[in-house]
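This report refers to the structure that appears directly beneath it.
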Amino acid sequence: MLKHIKNFLTRKEERKEKEVEKLKDGVSITEVKQSNLVVYSCNGCGSEIWPPKQERYACNECSNFDLCSECYRKEMILINGTQEEKDKLVSGESNNGIKYEPVRHYDPSPLPHQLTLENETQFQLVYSLRGNSTFETMEKSFKYFKNRPCLGIRERLGEDNVLSERYKWLTYGEVYEKSLTLAKALTNFIERRDFISIYMDNCLEWYFTDFASLWAGLIVVPLHHASNSFNLLEILWNSESKCIVCSGESFKNLIELYDQLTEQDKLEKPIVLKLIVHKEDLFDQSLVDRLPSGVEFKTFNEMIKIGESLSQAKYEFVPVGPNDLSSVTYTSGSTGVPKGVMKLDSIFNLLIVNSYVQFPNAVYSYNTLSHSQRLSDWRYIYMGGRVAIYSGDMNLLFEDLALVRPHSFWAVPRFWNLLFTQFKSDLKQYMFENPQLDERTATLYCYKGIRKLLGDRINNLVTGGAPTANEVLKFMSDCWKDINISNSYGLTEVSGVCIDGYISDEVEFKIEPVPSFGYYPTDLPHPRGELVVKSSTMSAGYYKNTQLTSESFEGGWFKTGDVVELIGVRKVKIIDRIKHAFKLANGEFVTPEPLENNFVSLCINQIFIYGNSLKTFLVAIVKPSQDCLKQLGLQDIPIDQLIENPTLKSKLLSEINKISKEKKLANYEIPKIITIDFTEWTIDNKLITGSGKFNRGELYKFYKIKINNMFDIIDKIQQGLRNNNNNNNNDNINNNDNNNNNESNKDNFENYIKSILNLDGRIEDNNFNLENLSFIQIGGDSLGAVKLSSLLKEKENIDISPSTILNQNFNLSSLSKLINEKESNQSIVEDFKENFKINWNEEMILDEDIKKSIDQIKNAQPSSTPSSSKSTPSQSSSSPPPSLNSNNIGQNAFHMKSIFITGVTGYLGTFLLFNLLEDKSIGIERIYCLVRNVKNEEEGFKLIERIFEKSCINGMNEKIREKVIPVCGDLSKPFFGVSTETFKMLSLAVDMVIHNGAIVNMAYPYANMKSTNVTSTRDILRLCTTGRASFKKLVYVSTVGVFFGNGDEKIDESTAPSTFFLDHGNGYNQTKLISDILVREAASYGLPTMIFRPGTIFSHTQSGFNNQNDSIGLIIKGILGSSSYPTKKDYSSGDLNLSPVDWVSSSMVSLIKHLPFWCNNTKIYHMVNDNRLSLDLLCQYINKEKQLEEINYFDWIDAQLNSSNNPLYSIKHLFKKNDRFPIGSQSIKNPKTIKDLESIGELQCQPISDSTVINYVKYLISNNLIQTINK
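Just so you know, my numbering puts 825 at position 825 of the sequence shown, and the rest follows in order with no gaps.
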């Protein structure tokens, strides 16, 4: 900010130097330069004003409105003069015969507007008002702005205490004098550097006390007016406050605290108050009589009278030292005992002076002054702004705002959620009443109504204090266009940290891992972890609490407790709060606040989500909105009847389901059962903290019974599943009873499925429409499908495979029928398989348009085959890469100048890109990289750079920026998610395509992966055969998994993958085989092609980085986690074919760039290791780095599969109950690959060495990727 101001003043100076040398009223241009003055124009007569030689009077309502001294004099005559003076002025008699017209003010505030003498600009005041202490800074402001309005209130008039329709303003001078008077009085009762607590709602007396404490050198403890007795005791005891200034309401709480104190409390946590100042003149004497002896009681006005009677204070008012305490602000206590955040005077002063506000600027003070509102108000007062204090009733908030018409306004997300909900309700109603209007017109009309709520001169809006939903932020920016809207994030301990996600320049930060949550700075696509910060305005720690200080403050850094995702340069997104998050029994971590923000809608007014480590699901307390009740015609129904109303509950659950799908929430993030409640959550009932956040501890206590009841409902259903109701050995159960029990079990089971999949929280209702939902659409995953498949087999003897459950075409109504129609369940499965049976012959047919395009290119080049044709190099190898929007991209003749590659964010793809960037022999100029989940090229760059860093590839950012062009797309979408223009550009610009991208999931069926793995291949073939008059070379990355149907036959590069057993392969291998066939078919027509079929890709030989989630990676993690391995004599097989990723990628690039290998249309390479590694030898290598115990094979398997948290649990279906190790059976050879590699001086894959394995183990251990497994 200060840098910006300096630049502004410098530009002013430069403009003045261009002025011709002249005199104005005796002021030379040289004097102007030396004085750093700014020239103004009078809004009355238009003349120039050159302060300070000429007086400038600024309007306190209109922006950029100034009057010269003469116009000001005339305006004052019209306002304060006699009628005769006014008449003479208007007639021109006293104005040289010129009739005078009053100056027009353009702000609609009631006239007359106040004008004050101003000698400096707001920018200049940033420097001139800055003091070496808070005392000096604020004293300068009060004296300089003595005539400006400072604090405003709505007075209560008459015997009925009716609120005035206008705000009454006290000037800076009045506030200063009254605070000095109070400061003198305070010195008669307490000593300099004593603590003083302020315990009341926002009011004039608060500000007087706050500033009086500054002059008297007292340490301020701002208290929330609704602080409960527990917090109050802890704060008064911890701070040793000697004085407390309170309102009548808070005084009652103070007396209750005194009454509740036990003798032990008085010994362990003594309260040392000497003086209580009561805000109101009227008070309850009976309460005063209950005060302990030695505590004096005075009203606020009595203190003012005492101060007025004193000629001087007991001690001189001087600034405190820079390292002296200015205030101790206590956290809200929502997570435990309040902690006193210490602010030194130098820090508080810095927070104030490092600010700038425009003039005029009115703000509204309604949030508690015990938190950030206090600092915000001090900043505005420092810069001459004015603060309107709310009327004491939140129901009058919008009435107050209409009178104040603030220039700036900030609120917590709950406020903006309220406005957003109101807007949606208004829009719905307005469109219903005006059906002829389109939605845009109606939206603009409703925006206008919402804007009026905050007044007509807002130029700055701020949300903060808690996460704000993206849709709410969008609503704010759409409603209030062309003004500054900020989403701020800060903490009491460090003040401001970031705005709109961007961390402030003055804040240092780092991201530290949170292993218990599974967050690491190495996460992809973005680093994640706890945000740790350091700044010059950071607190010195917690007052008299060394333990908590040492836990949160370490080495000059503060641990925020917030988990963030680094999504850009110095840009973060808060995704978790460590203290509020919890882990479910299934191992998933949940942070409730972001979820709650998602679910607040037109139907849901407020929602509290809860879960714990003993349960696998979430429950929620939901308060419906009035709009929801009106929609259902329930607005007049008594609340006690609404709580169990099935129609209302159904509506709320439908809303939750709808939002869950829109937000693409994971299944475990969706509440499985809800309870309706109509309690208003407020600060007064302690369900909301002073800073406007949910008081989660108190909310749980308040709803504990209801929460437990919801858990009990699900538990009973699950218990019903565990009970064996089909016990035919029980002679006391006849056949009829068995039938009833079976029916009951089916009902329970159906309800259980509906509950765990969140199809309908109404456990008793079995009529939910499941026609259009599949298991995977509502968040089901492969592990869930395996569990459900096992459960169906065990409980209902229904044999259905996990892949069928996961199939996106298998809707849940079919799953429901399986349970209800047991006698025909097998036919239901068979009918589904028949209806969605894949016609493999059709899948293998190459598209006619692709074949036609190949023929056209061949016919256009009759003189030479496409694969052997050569073209001239491009004219300039140093030309910059074209952007994706380029419309005039010339054809590169040299076939390796420009490459398009997919899958660069995957394991192999990252190293392929690395080797391409490192290669200098073929002159690659640009590499277009398809990147998913990014909005623009810059985000693509950042993602690739982070993946390189995570993959232990360093120092490549410059080369990435030089040669890579990120292409925003998605392989699962038509034409891999790029626009028609981008597809056309690529078809013209690219010489070679490397298609490496795919979904790799061994549980998903073919249907789920077809679009990404097969359809994208067809579109890649289209890319290679369109745009140019010549072919683009295609490199397709397949897999040796395509040989799943070849059995035990000898397999090498000449072996054709069998299609005989296509129905029996997993979805991944099926999709890769079909794509393999399509590519070979296109090659047979003439498309120059190389097909690479990797086997199991192992870790990097040097860095140890590896894809730890493939089967080999999981096995090694299982070995390390259990510190054991199976005895070789107990199992067969187990010979592993492992190829290091650096060998695979470098060998592929070496083969790709060798032109003679492209002479034939199709080259097939098997990227496998001819030197197998036995599991036993692998374990011996591991044992060199980490000691392992050799145990029985079956005991080892049992230990690996005894918990769903263990690495191998996700592939437990591979471990059959026999002595055959499930990995390493098929033998794949690669003689042609070895021959071609040797011909160009490259080595075949070498045996896996102990150093390679040890490097991998070191990588896993150093990155905390090993989970202990109990044997």
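Positions of the beta carbon are idealized from the N, C-alpha and C atoms, including for glycine.
Self-check item: Beta-bridge partners of F297, as assigned by DSSP
Solution: I276
Self-check item: Per-residue DSSP class, three states only, for R528
Solution: Here R528 sits in strand by DSSP.
Self-check item: Inter-residue CB distance, F211 and S179 (contact presumed, cutoff 8 Å)
Solution: 4 Å
Self-check item: Neighbourhood of S1146 by C-beta distance below 6 Å, restricted to the same chain and skipping five residues each side
Solution: N915
Quiz item: Given a threshold of 16 other Cβ atoms within 10 Å of its Cβ, counted over all protein chains shown, does A388 qualify as buried or as exposed?
Solution: Under a 10 Å Cβ-count criterion, A388 is classified as buried, with 16 or more other Cβ atoms of the shown protein chains found around its own Cβ.
Practice problem: Give me the Cβ distance between V967 and L930, rounded to the nearest whole Å; I'm assuming they're in contact under 8 Å. | Solution: Correct: roughly 5 Å between the Cβ atoms.
Practice problem: Counting only the same chain and skipping the five closest in sequence on each side, list residues whose C-beta sits under 6 Å from that of S1103. | Solution: C952
Practice problem: Could you name the residues that DSSP lists as bridge partners for Q606? | Solution: K623
Quiz item: Can V1273 and I947 be called in contact, C-beta distance under 8 Å?
Solution: Residue 1273 lies beyond the range of the chain shown here (1 to 1271); nothing can be said about it.
Quiz item: Would you call the CB atoms of V564 and E669 closer than 8 Å?
Solution: Contact annotation: V564 and E669 have beta-carbon atoms that are not nearer than 8 Å.
Quiz item: Would you report the Cα separation of F678 and N605, rounded to the nearest angstrom?
Solution: 10 Å
Exercise. Identify every residue that forms a DSSP beta bridge with D562.
Key: R577
Self-check item: Residue span of the alpha helix (DSSP H) that contains R374, given as start and end
Solution: Note, R374: alpha helix (DSSP H), 372-382.
Practice problem: Could you check the C-alpha separation between K343 and D438 for me, to the nearest Å? | Solution: When rounded, the distance between both Cα atoms is 54 Å.
Exercise. Could you tell me which residues DSSP pairs with G248 in its beta bridges?
Key: G248 pairs with nothing; no bridge assigned.
Practice problem: Tell me whether C479 sits in a helix, a strand or coil according to DSSP, three-state version. | Solution: helix
Quiz item: Skipping 5 residues on each side, what residues in its chain have a beta carbon closer than 7 Å to that of I1266?
Solution: K1117, L1120, G1121, L1260
Quiz item: In terms of residue numbering, what span does the alpha helix (DSSP H) encompassing Y542 cover?
Solution: Per DSSP, Y542 belongs to no alpha helix (DSSP H) and is neither H nor E.
Quiz item: Among the residues of its own chain, which have a CB less than 8 Å from the CB of G294, if the five just before and after it don't count?
Solution: K274
Quiz item: With distances taken between CB atoms, is the gap from F1061 to D1019 smaller than 8 Å?
Solution: no
Exercise. Would you kindly work out how many angstroms separate the C-alpha atoms of F208 and P527, rounded to a whole number?
Key: Going by the C-alpha atoms only, they are around 47 Å apart.
Exercise. Could you tell me if N64 is buried or exposed, where buried requires 16 or more neighbouring beta carbons within 10 angstroms of its beta carbon?
Key: exposed
Practice problem: In the DSSP assignment, find the alpha helix (DSSP H) that holds T443 and state where it starts and stops. | Solution: Counting along the chain, T443 sits inside the alpha helix (DSSP H) bounded by residues 439-452.
Quiz item: CB-CB under 6 Å to F608, same chain, minus the five flanking residues each way: which ones, in chain order?
Solution: Excluding its 5 nearest sequence neighbours in each direction, F608 has C-beta neighbours in its own chain below 6 Å: I621, L699, listed in chain order.
Exercise. Classify G568 as helix, strand or coil using the three-state DSSP reduction.
Key: strand
Quiz prompt | Buried/exposed call for L1021, threshold 16 Cβ in 10 Å | solution = L1021 should be labelled buried.
Quiz prompt | Residue interval of the alpha helix (DSSP H) (run including V1273) | solution = Lying outside 1 to 1271, the shown extent of the chain, residue 1273 is not represented and no answer is given.
Quiz item: Terminal residues of the continuous alpha helix (DSSP H) containing P1119?
Solution: Just to set this straight, residue 1119 is Ile in the shown sequence, not Pro. Its alpha helix (DSSP H) spans residues 1111-1122.
Quiz item: Comparing alpha-carbon positions, which option in V1014, F145, G217, I196 lies nearest L117?
Solution: F145
Quiz item: Between which two residues does the beta strand (DSSP E) harbouring N68 extend?
Solution: According to the sequence displayed, residue 68 carries Cys and not Asn. First-last of the beta strand (DSSP E) with C68: 66-68.
Quiz item: By the 10 Å Cβ neighbour count, where 16 or more other Cβ atoms means buried, how is A226 classified, buried or exposed?
Solution: Buried is the call here.
Exercise. Only counting runs of 4 or more residues, tell me where the alpha helix (DSSP H) segments fall wholly within the segment 1056-1090, in order along the chain.
Key: Runs of the alpha helix (DSSP H) inside the segment 1056-1090: 1067-1085.
Quiz item: Could you give the uninterrupted runs of the beta strand (DSSP E) lying entirely in the segment 888-952, keeping only those of 3 residues or more?
Solution: 898-902, 926-931
Quiz item: Buried or exposed: where does C1159 fall if 16 or more other Cβ atoms within 10 Å of its Cβ makes it buried?
Solution: exposed
Quiz item: Closest by CA to F142, which one among N1008, N238, E61, M383?
Solution: M383
Quiz prompt | Residue from E1053, V1253, S1075 whose Cα sits closest to the Cα of S1227 | solution = E1053
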